[in-house]
Amino acid sequence: MSTEGNESHSLLFPRLDARSLQMLQSRGTVRKTAAAEILFNRETLQHGLFVVLSGSIELVGVSNGYESVISVLGQGEFTGELTQLSGRRSLVSCRVSTAGEVLEVDRASLHHIMRTDAVVGNLLLNAFVQRRIYLIANAVGDAVLIGSTHSSDTLRLRSFLVRNGHPYTYLDIDEDPDIQSVLDQFGIELADIPVLICRGDVVLRAPSNAEAAVCFDLNAGLDQTDVFDVVIVGAGPSGLAAAVYGASEGLNALVVESNAPGGQAGSSSRIENYLGFPLGFRDRSWRTPPTFKRRSLARDCPLLEAPVRCNASSILIGSNSTTEV
Ligand SMILES: Cc1cc2nc3c(=O)[nH]c(=O)nc-3n(C[C@H](O)[C@H](O)[C@H](O)COP(=O)(O)OP(=O)(O)OC[C@H]3O[C@@H](n4cnc5c(N)ncnc54)[C@H](O)[C@@H]3O)c2cc1C
Numbered sequence: 097m098s099t100e101g102n103e104s105h106s107l108l109f110p111r112l113d114a115r116s117l118q119m120l121q122s123r124g125t126v127r128k129t130a131a132a133e134i135l136f137n138r139e140t141l142q143h144g145l146f147v148v149l150s151g152s153i154e155l156v157g158v159s160n161g162y163e164s165v166i167s168v169l170g171q172g173e174f175t176g177e178l179t180q181l182s183g184r185r186s187l188v189s190c191r192v193s194t195a196g197e198v199l200e201v202d203r204a205s206l207h208h209i210m211r212t213d214a215v216v217g218n219l220l221l222n223a224f225v226q227r228r229i230y231l232i233a234n235a236v237g238d239a240v241l242i243g244s245t246h247s248s249d250t251l252r253l254r255s256f257l258v259r260n261g262h263p264y265t266y267l268d269i270d271e272d273p274d275i276q277s278v279l280d281q282f283g284i285e286l287a288d289i290p291v292l293i294c295r296g297d298v299v300l301r302a303p304s305n306a307e308a309a310v311c312f313d314l315n316a317g318l319d320q321t322d323v324f325d326v327v328i329v330g331a332g333p334s335g336l337a338a339a340v341y342g343a344s345e346g347l348n349a350l351v352v353e354s355n356a357p358g359g360q361a362g363s364s365s366r367i368e369n370y371l372g373f374p375l376g377f378r379d380r381s382w383r384t385p386p387t388f389k390r391r392s393l394a395r396d397c398p399l400l401e402a403p404v405r406c407n408a409s410s411i412l413i414g415s416n417s418t419t420e421v
């Protein structure tokens with residue numbers, strides 16, 4: 097799974113130039129590292145971004161149950177992926193391979209830099225997006241879905257994970273005879289299919305989308321004490337446009353979505369007849385959260401079903417007591 101020697105390595109792990117490094121240094125702190133020290137692991141939420149100043153660090157991922165080193169980063173290379181922006185649980189771990197020094201930039205400072213410095217912002221965003229594409233292509237992450245092509249709930253969960261850009265390993269009971277041993281290991285009956293295994297230990301039997309979102313901390317970046325100027329229900333093209341232009345007018349905007357950003361347009365393989373695009377387009381990237389970030393909407397889109405309730409002092413949005421705004 098390693099990217100070393102791989103053509104795409106420099107795309108995934110570009111080296112910072114002097115100016116970009118200086119910009120990050122202005123808001124980061126330098127710390128010494130010891131060999132084998134863990135900088136963050138797959139349980140860590142809202143960790144900072146690390147730039148290698150000397151020594152080296154390695155990114156470790158789990159795919160199909162096996163742990164392996166994705167890449168070793170040297171001087172001028174940096175960690176980070178889309179979870180860095182959303183505040184969700186990291187999909188990889190990072191440990192020090194050779195002692196040295198790193199620059200640590202916390203999430204708030206990173207968001208500030210990405211909003212205010214287009215050159216550094218674009219460099220980081222591009223690397224984060226490329227890394228997520230790599231993780232999805234190599235099924236690196238914390239999700240295993242066991243299902244069947246004959247099950248509509250399997251299709252629903254696959255679509256939910258794909259449309260939310262969450263990497264997962266798919267095991268099909270109809271195609272892989274070895275899956276029975278996985279089912280036995282967790283005491284799962286065939287009637288429980290589809291089964292979602294989160295982080296190797298939480299087993300959900302035929303979960304709803306909301307249960308899957310909770311299990312993967314998909315709403316972890318949401319600060320429920322925040323006060324919003326505008327809350328938009330539905331992250332289809334209309335909701336996304338309202339959020340982007342609200343945010344660009346200085347409003348603290350939040351979009352909540354019960355399924356995945358993109359709405360109906362996100363489920364279409366080709367958009368035709370769209371103003372300004374006479375030939376139509378297939379590119380899915382405009383419908384996903386990363387595009388959101390580029391427009392300075394510095395928060396992720398929480399996955400909430402949104403019956404709206406009001407009390408004397410506030411409006412509550414959210415389907416259950418675990419997540420409300
Ligand atoms: C297959 C297909 C192809 C298409 N092709 C084209 C095309 O070529 N050109 C074109 O211009 N248009 C096309 N359209 C139409 C276009 O996609 C829609 O007009 C557009 O998506 C409407 O955007 P919207 O934001 O108003 O609503 P939607 O896209 O329907 O988005 C609404 C969102 O709100 C969410 N939501 C609803 N209720 C709640 C709730 N209670 N809580 C939280 N979230 C909620 C939904 O999950 C959804 O994501 C196509 C549509 C489809 C299905």
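Anchor point for the sequence shown: position 69 equals 165 in the numbering used here, and the numbering is continuous, going up by one each time. A virtual CB, placed ideally from N, CA and C, is assigned to each residue, including glycine.
Using alpha carbons as the reference points, say which of TYR230, LEU267, ALA131, ASN260 lies closest to VAL192. Mapped onto the sequence shown, residue 192 falls at position 96. For VAL192, the nearest C-alpha among the options comes from ALA131.
ALA338 Cβ short of 6 Å to ligand 1 heavy atom set: Taking the first residue of the sequence shown as 1, we reach residue 338 at position 242. Not one heavy atom of ligand 1 falls within 6 Å of the beta-carbon of ALA338.
Using 6 Å as the cut-off, classify the Cβ of SER255 as near or not near the heavy atoms of ligand 1, replying yes or no. Taking the sequence shown and counting its residues from 1, one reaches residue 255 at position 159. Not so, every heavy atom of ligand 1 lies at least 6 Å from the Cβ.
Could you spell out the range, first to last residue, of the alpha helix (DSSP H) harbouring ILE275? Position 179 of the sequence shown, counting from 1, holds the residue named residue 275. Looking at the DSSP string, the run of the alpha helix (DSSP H) that includes ILE275 is 275-281.
So, helix, strand or coil for LEU155, using DSSP? The residue you call residue 155 lines up with position 59 of the sequence shown. Here LEU155 sits in strand by DSSP.
Buried or exposed: ALA306, going by 16 or more other Cβ atoms within 10 Å of its Cβ? Sequence index remark: in the sequence shown, residue 306 carries index 210 (1-based). The residue in question, ALA306, is buried, as its Cβ has 16 or more Cβ neighbours within 10 Å.
Alpha carbon of LEU336 to alpha carbon of GLY362, nearest angstrom: On the sequence shown, residue 336 is found 240 positions in, with the first residue counted as 1. On the sequence shown, residue 362 is found 266 positions in, with the first residue counted as 1. Cα to Cα, the separation comes out at about 12 Å.
Can you say whether GLU353 is buried or exposed, counting buried as having 16 or more other CB atoms within 10 angstroms of its CB? If you number the sequence shown from 1, residue 353 lands on position 257. By the 10 Å Cβ count, GLU353 comes out buried.
Since SER182 is in the alpha helix (DSSP H), which residue starts that stretch and which ends it? Locating residue 182 in the sequence shown gives position 86, counting from the first residue. 178-182 is the span of the alpha helix (DSSP H), which, as asked, contains SER182.
How far does the alpha helix (DSSP H) with VAL291 in it reach, from first residue to last? As a first step, residue 291 is located in the sequence shown; it is residue number 195 there, counting from the start. Annotation: VAL291 is outside any alpha helix (DSSP H); the continuous beta strand (DSSP E) that includes it extends over 291-294.
Starting from TYR341, trace the alpha helix (DSSP H) in both directions and tell me its first and last residue. Taking the sequence shown and counting its residues from 1, one reaches residue 341 at position 245. Annotation for TYR341: the continuous alpha helix (DSSP H) segment containing it runs 333-344.
Per-residue DSSP class, three states only, for THR140: As a working note, residue 140 is residue 44 in the sequence shown. Three-state result, THR140: coil.
Between the C-alpha atoms of LEU300 and SER244, what's the straight-line distance to the nearest angstrom? Residue mapping note: residue 300 aligns to position 204 of the sequence shown, counting from 1. Residue mapping note: residue 244 aligns to position 148 of the sequence shown, counting from 1. The alpha-carbon atoms of LEU300 and SER244 are separated by roughly 15 Å.
So what's GLU163 in DSSP terms, helix, strand or just coil? Taking the sequence shown and counting its residues from 1, one reaches residue 163 at position 67. Reduced to three states, the DSSP call for GLU163 is strand.
Considering Cα atoms alone, identify which of ASP274, HIS262, GLN320, ASP319 is closest to SER292. Here residue 292 corresponds to residue number 196 of the sequence shown, with the count starting at 1. Checking the displayed sequence, the identity of residue 292 turns out to be Leu instead of Ser. The shortest C-alpha to C-alpha distance from LEU292 to any of ASP274, HIS262, GLN320, ASP319 is the one to HIS262.
Where does ALA204 sit, in a helix, a strand or coil, going by DSSP? Position 108 of the sequence shown, counted from the start, is the residue given in the question as residue 204. If DSSP states are grouped into helix, strand and coil, ALA204 belongs with the helices.
For the beta strand (DSSP E) holding ALA308, just list the boundary residues, first then last. For the purposes of this step, residue 308 is taken as the residue at position 212 of the sequence shown. Boundaries around ALA308 are those of the alpha helix (DSSP H), 305-311, since no beta strand (DSSP E) includes it.
Which partner residues of PHE146 appear in the DSSP bridge assignment? Counting from one through the sequence shown, the residue named residue 146 turns up at place 50. According to DSSP, which records beta bridges pairwise, PHE146 is partnered with GLU200.
Of the residues SER104, HIS246, ARG252, the one placed nearest GLU271, counting alpha carbons only: As a position in the sequence shown, residue 271 is number 175, starting the count at 1. GLU271 has its Cα closest to that of HIS246, out of SER104, HIS246, ARG252.
Do ASP325 and ARG185 count as a contact pair if the criterion is CB distance below 7 Å? Counting from one through the sequence shown, the residue named residue 185 turns up at place 89. Counting from one through the sequence shown, the residue named residue 325 turns up at place 229. At the C-beta level, ARG185 and ASP325 stay beyond 7 Å of one another.
When the Cα atoms are used, what is the spatial distance from GLU173 to TYR162? Translated into positions along the sequence shown, residue 173 becomes position 77. Translated into positions along the sequence shown, residue 162 becomes position 66. Inter-residue distance for GLU173 and TYR162 is about 25 Å (C-alpha atoms, whole angstroms).
In three-state DSSP terms, what is LEU107? Residue 107 sits at position 11 when you count from the first residue of the sequence shown. LEU107 falls in the helix class under three-state DSSP.
Take every Cβ of the region 154-168, pair it with every Cβ of the region 115-133, and state whether three or more of those distances are shorter than 8 Å. For the pair of segments examined, the region 154-168 was found not to touch the region 115-133: the number of CB pairs separated by less than 8 Å stays below three.
Taking 6 Å as the cut-off, does the CB of GLY176 come closer than this to any heavy atom belonging to ligand 1? In the sequence shown, counting from the first residue as 1, residue 176 sits at position 80. Checking the Cβ of GLY176 against ligand 1 gives no.
Find the nearest neighbour of VAL223 within the set VAL340, LEU107, ALA331, ILE367, judged by alpha-carbon distance. In the sequence shown, counting from the first residue as 1, residue 223 sits at position 127. Val is not the amino acid found at residue 223; the sequence shown has Ala there. Checking every option, the nearest Cα to that of ALA223 belongs to LEU107.
Length-filtered (4 minimum) alpha helix (DSSP H) runs lying within the region 237-263: For the region 237-263, whole alpha helix (DSSP H) runs of length 4 or above, ordered along the chain, are 248-259.
Looking only at DSSP bridge pairs, what is PHE174 linked to? By 1-based counting over the sequence shown, the position of residue 174 is 78. Answer is VAL147, bridged to PHE174.
Any heavy atom of ligand 1 closer than 6 Å to the Cβ of GLY342? Along the sequence shown, one-based indexing puts residue 342 at 246. Not so, every heavy atom of ligand 1 lies at least 6 Å from the Cβ.
Candidates SER365, VAL329, LEU169, THR140: closest to VAL147 by CA position: Numbered from its first residue, the sequence shown carries residue 147 at position 51. Out of SER365, VAL329, LEU169, THR140, LEU169 has the C-alpha closest to the C-alpha of VAL147.
Under DSSP, the beta strand (DSSP E) around ALA349 begins and ends at which residues? Counting from one through the sequence shown, the residue named residue 349 turns up at place 253. From DSSP, the beta strand (DSSP E) with ALA349 extends over 349-352.
Could you give the distance in angstroms between the alpha-carbon of SER189 and the alpha-carbon of ALA302? Here residue 189 is taken as the residue at index 93 of the sequence shown, counted from 1. Here residue 302 is taken as the residue at index 206 of the sequence shown, counted from 1. Computed Cα separation, rounded: 28 Å.
Using alpha carbons as the reference points, say which of VAL310, ALA309, SER334, LEU347 lies closest to ASP322. Against the sequence shown, residue 322 aligns to sequence position 226. For the set VAL310, ALA309, SER334, LEU347, the Cα lying nearest the Cα of ASP322 is the one of LEU347.
Length of the line joining the Cα atoms of ASP274 and CYS294: The residue labelled residue 274 in the question sits at position 178 within the sequence shown. The residue labelled residue 294 in the question sits at position 198 within the sequence shown. When only Cα atoms are considered, ASP274 and CYS294 end up about 20 Å apart.
ASP113 by DSSP, collapsed to three states: which one? Reading the sequence shown from its first residue, position 17 is the one you call residue 113. If DSSP states are grouped into helix, strand and coil, ASP113 belongs with coil.
Please report how far the alpha carbon of ASN315 lies from the alpha carbon of THR125, in whole angstroms. Position 219 of the sequence shown, counted from the start, is the residue given in the question as residue 315. Position 29 of the sequence shown, counted from the start, is the residue given in the question as residue 125. C-alpha separation (whole angstroms): 28 Å.
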